[in-house]
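For the sequence shown, my numbering gives the first residue as 2, with consecutive numbering after it.
Just so you know, even glycine gets a beta-carbon here, dropped at the ideal spot from N, CA and C.
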Amino acid sequence: MHYNFQTRVSSARPSVIREFAGNVSKFDDAVDLTLGEPDFNTPERIRQAGIRAIEENRTKYTPDDGIRELRAAACAYFKREYELEYDPDWEMMVTCGATEALDAAFRSVLGPGDEILVPQPVYLGYEPLIRFCGAVPVYMDTSENHFVLTPEMLEKACTGYTRALLLNYPCNPTGCVPTEGEMQAIADWLERHPDIMIISDEVYAGLTYHRRHISIASLNDLWNRTIVINGLSKSYAMTGWRIGFLAAPRRISDELYKVHQNTVTCAAAMSQYAALEALKSSQETVEMRHAYEKRAEYLCEALKEMDIPVNMPGGAFYLFPDISQFGLSSLGFATMLLQRYHVGTVPGSAFGKAGEGHIRISYAASMEQLKEFVRRMHLCVGAMAGD
């Protein structure tokens with residue numbers, strides 16, 4: 002029997018990241034640097050809070066927007082860390098991870114024919130959600146500017162159909178974190194375009210090095226038209242708990258709430274109580290951040306010794322080295338690295354045309370694995386030089 006599916010859905014492609022991750026599992030000695038999955042376990046005190054919630058039968062529905070204690074804690078966290086102030090009763094929502102928050106944001110803002118400006122390279126999960134709305138992502142190539150978005154790029158891409166701008170800093174896949182001046186330049190451009198909404202995915206904001214994270218919502222009174230998305234998956238090693246945060250002024254959050262309520266009802270109760278415990282302290286996050294920074298420094302130095310160009314990331318836990326010198330496409334290079342050397346990375350082309358010539362390396366892995374990666378990468382580079 003033949004079934005007809007919506008073109009918006011049937012045209013979406015499966016995740017290349019998941020595809021490569023699945024292929025890595027075929028090799029017993031594989032070094033897997035594909036997924037953005039912290040290698041740390043969820044801290045003990047947070048796990049125990051989740052266990053207590055189950056033992057105390059906190060397993061029923063919560064308010065759709067999350068338990069108030071968690072919303073209040075999230076508001077306090079946003080104010081302390083990012084200088085953003087929200088009302089926990091009307092402007093902060095607990096979601097099923099940052100992905101559900103993104104879906105609610107896109108569906109609240111975008112409609113058929115709308116355009117949303119998206120810097121590229123970019124996380125590949127955005128485009129399907131945008132196209133499910135009937136909207137069109139308009140990509141801006143940042144690869145010639147160390148992956149930093151500029152007002153000139155924005156001006157060139159903006160049209161009469163532009164409805165929103167999507168930002169993702171710290172960036173997946175490049176690790177880019179704009180300086181204060183670079184963020185201010187983007188904010189100044191947005192100030193001259195008051196009809197453009199802003200969706201800011203800041204899920205890696207807790208993992209920055211050398212400089213503090215600056216939310217676009219904290220600049221030029223852009224708070225009034227910015228939807229800020231954050232979560233605990235990356236910074237607290239809580240990927241499986243599925244807790245995200247969706248923050249926006251009430252006139253916007255009222256609309257977001259309708260989508261959230263009718264999509265998932267509420268986030269899991271026990272996960273919310275674990276998240277509440279997480280936000281009581283950031284000590285474990287600080288320790289994990291320091292570990293990631295050391296790994297990034299080690300890998301950058303090792304790759305540069307092999308004459309592979311790479312930028313030291315400002316945040317997240319990804320490197321995006323340039324492998325174009327080897328004469329293979331990013332897909333070809335990542336495939337060769339996997340098949341010959343049993344090393345899993347992600348081809349840069351998975352993150353758009355601007356990612357071609359690069360591979361993404363996730364250093365959310367142990368130092369032992371990273372050292373083994375460097376050893377095998379040396380073998381690979383030496384073999385290709387011999388060819």
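Counting of Cβ neighbours within 10 angstroms places N169 among the buried residues, the total reaching 16 or more.
Contact annotation: H359 and P122 have beta-carbon atoms nearer than 9 Å.
Remark: three or more beta-carbon pairs, one from each stretch, lie closer than 8 Å, so the stretch 59–76 and the stretch 87–99 are flagged as touching.
Contact fails between the stretch 375–388 and the stretch 310–323, because fewer than three Cβ pairs, one in each stretch, are under 8 Å apart. Take the alpha-carbon of S234 and the one of Q49: they are about 17 Å apart. Annotation for I199: the continuous beta strand (DSSP E) segment containing it runs M198 to D202. For L34, the closest alpha carbon among the candidates F21, P44, T8 and A275 is that of F21. G333 and T100 have their C-alpha atoms spaced approximately 29 Å apart.
Sequence-distant partners of D104 (beyond 5 residues in either direction) whose C-beta falls short of 6 Å from its own C-beta, in its chain, are L130. Between T163 and E116, the CB-CB gap stays under 9 Å.
Take Y364, set aside five residues on each side of it, and the residues of its chain with a beta-carbon closer than 8 Å to its own are L34, Y293, R296, A297, L300, F318, Y319, L320 and L371, in chain order. When the beta-carbon positions are compared, M307 and H194 stay at least 9 Å from each other.
R361 is classed as buried because its beta carbon has at least 16 other beta carbons within 10 Å across all chains shown. Where I230 is concerned, there is no enclosing alpha helix (DSSP H), although the beta strand (DSSP E) around it starts and stops at T227 to G232. Shown here, Y62 sits in coil according to DSSP, grouped into three states, outside any helix or strand. At the C-beta level, G316 and A206 come within 9 Å of one another.
For L168, the uninterrupted beta strand (DSSP E) run begins and ends at T163 to N169, by DSSP.
Note on geometry: alpha-carbon atoms of P44 and E38 lie some 15 Å from one another. Q49: member of the alpha helix (DSSP H) spanning E45 to E56, first to last residue.
For G345, the three-state secondary structure derived from DSSP is strand.
Counted as a single uninterrupted DSSP element, the alpha helix (DSSP H) harbouring I253 occupies residues R251 to V265.
The beta carbons of M289 and S367 sit no closer together than 9 Å.
Restricting attention to beta strand (DSSP E) runs no shorter than 3 residues, the stretch 115–173 encloses them at 116–121, 137–142 and 163–169, ordered along the chain. Excluding five sequence positions before and after E84, the CB atoms of its chain that fall closer than 8 Å to its own CB belong to S216 and S219, given in chain order. Assigned with DSSP and collapsed to three states, T35 falls in coil, not helix or strand. Distance from the CA atom of G114 to the CA atom of A136, rounded to whole angstroms, is 5 Å. Between the stretch 265–281 and the stretch 241–254 there are three or more C-beta pairs closer than 8 Å, enough to call the two in contact. Burial check for Q273: the Cβ neighbour count within 10 Å reaches 16 or more, so the residue is buried. E285 and H291 have their C-alpha atoms some 10 Å from each other. Here Y364 carries a coil assignment [DSSP, helix/strand/coil]. CA-to-CA, the gap between A248 and S201 works out to about 10 Å. Rounded to whole angstroms, the separation of the alpha carbons of E203 and V229 is 7 Å. For A386, the secondary structure class from DSSP, reduced to helix, strand or coil, is helix. Judged by DSSP secondary structure, A186 falls within the alpha helix (DSSP H) whose first and last residues are E181 to E192.
Scanning A31, C177, A54 and P152 for the CA closest to the CA of P322 turns up C177.
Counted as a single uninterrupted DSSP element, the beta strand (DSSP E) harbouring A248 occupies residues G245 to A248.
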